[in-house]
Each structure stands twice: as C-alpha cells, then as structure tokens.
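In the numbering used here, the protein residues as written are 272 to 476.
We put the CB at the ideal spot given by N, CA and C, even for glycine.
Small disclaimer: the values here were computed from a predicted structure and weren't measured.
What follows is a short report on a single structure.
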Ligand SMILES: [Zn+2]
C-alpha cells in the first residue's frame, strides 16, 4: 500500500502515520527523516544536503525528489510506504508520479479554529523538557514532574496563523489526486483512536 497523508500542522498527521506504519508494517517516510538519515550516514546526497539543512535554507526541489526516489527504492518499501510532508506542491507530485504510483491519498482535515485551539493549549515543561497540555497541568505545573511550563514560540496564536498559511495543502495538489480518483478526506476533530478508525476504513477499501 503506497500512501500519502496530507494535512495541516496540528492535524495529528504524524501521529496517524506512526499508527498506520505499525499496524500495516510499512515505513513512515518524511523528508526531514530522509535528510537526517543521509547526513548521518554521510551518503553522497547527504554531503550535498548537509550544508543546506544546517544553514536553515530550503532543500532544492530536484535534490528532495532525488532523495525521496532513493528512499522509496529501499527494500523496506517493498510492500509500500506512507509519505508524510512530500509531495507538498504540484511540481513534486509530478516528480513522484514518474517514480511510483500511489494507491491512496488521504487528507486529514481539521478546521482552523480547532487547530489553533489544540496548538495553543500545548505547553512545554522547563524541567523535564516534555510536551504537555493545558488540560493536564496540576496547579498550573507539569503533571509529571511539577516543573514550570511555558508556551513554545511556535505555539503562540500569531505564529500558528503564519504556520498554517505557509504550510497549507495547495488546492491544485488535491485536484491532481482527485483527478486520479485516489483522493480521500477524513475529519480529525475526534480523538486519535477515532480518527484512526476513520482512516482504517479507507485503508481497507
Ligand atoms: Zn515536567
């Protein structure tokens, strides 16, 4: 099963990809992980990508495509894979189309209000460095160690709005897969388990 998960930041896409990966025994592939793997293993592509990633610049499209192609040819992808965060635009979708044929593309959808609600309730513990949530705090402190909590810069409402805008799933990408007849959409308003049940119905189709 060759799968692509799409969804906005805060939709729980990464969590769902991890659950699917475990249940169906196919690798969860994100470009960030591919970059890190190649850098750590000092591959030819890794040597090229390292200074780009380290400088905080965007990895050129062509190089990203090459790295993904290289990754999905590996043996653990024999029975399929879950792509997460790639392709992020139409140009990459065309490039991927030349490498392989996806079986299903699923958009994990969540309203902007719900995303802001979720992300803005996230807290970080300054003591144990673990993420937590406003609802779990005990007397305003970390429920695990009692440490002081704070809001990560990324999770401030004004920053969330910018992240949502820059990470939006482009409509032309959705249309591209709709035209292929492999596009599905689910709603992620419910909890992780219920969202997975909705996904699983589509995966079993
Ligand atoms: Zn803590």
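Can you check DSSP and say which residues form a bridge with residue i?
i, result
"residue 350", "Paired residues: none, contrary to the question."
"residue 456", "378"
"residue 404", "393"
"residue 300", "354"
"residue 273", "352"
Between residue i and residue j, how many whole angstroms is the CB-CB distance? I'm expecting something under 8 Å.
i, j, result
"residue 396", "residue 418", "5 Å"
"residue 290", "residue 272", "With 8 Å as the limit, residue 290 and residue 272 do not qualify as a contact, their Cβ atoms being about 14 Å apart."
"residue 288", "residue 353", "5 Å"
"residue 466", "residue 283", "6 Å"
Tell me whether residue i counts as near ligand 1, meaning its Cβ is closer than 8 Å to at least one heavy atom of that ligand.
i, result
"residue 406", "no"
"residue 415", "yes"
"residue 411", "no"
"residue 401", "yes"
"residue 398", "yes"
"residue 351", "no"
"residue 418", "yes"
Taking Cβ positions only, does residue i come closer than 9 Å to chain C?
i, result
"residue 340", "In summary, chain C is missing from the structure at hand, where a single protein chain is found."
Use the C-beta contact count for residue i: other C-beta atoms within 10 angstroms, 16 or more gives buried, fewer gives exposed.
i, result
"residue 398", "exposed"
"residue 364", "buried"
"residue 345", "exposed"
"residue 428", "exposed"
"residue 409", "exposed"
"residue 420", "buried"
"residue 372", "exposed"
"residue 362", "exposed"
"residue 477", "In this structure the chain extends from 272 to 476, so residue 477 is not present and cannot be described."
Using a Cβ-Cβ cut-off of 6 Å (strictly less than) and excluding sequence neighbours within five positions of residue i, which residues of its own chain qualify?
i, result
"residue 305", "338 and 342"
"residue 389", "281"
"residue 356", "301 and 302"
"residue 277", "378 and 440"
So, for residue i: in the same chain, excluding its five sequence neighbours on each side, which residues have a beta-carbon less than 7 Å away from its beta-carbon?
i, result
"residue 330", "306, 320, 323 and 324"
"residue 405", "392 and 394"
"residue 360", "441 and 444"
"residue 253", "Nothing in the structure corresponds to residue 253, since the chain is present only between 272 and 476."
"residue 435", "279, 280, 383 and 386"
Within a Cβ cutoff of 8 Å, which residues of the same chain sit near residue i, ignoring the five residues on either side of it in sequence?
i, result
"residue 422", "391, 393, 394 and 395"
"residue 415", "396, 399, 401 and 403"
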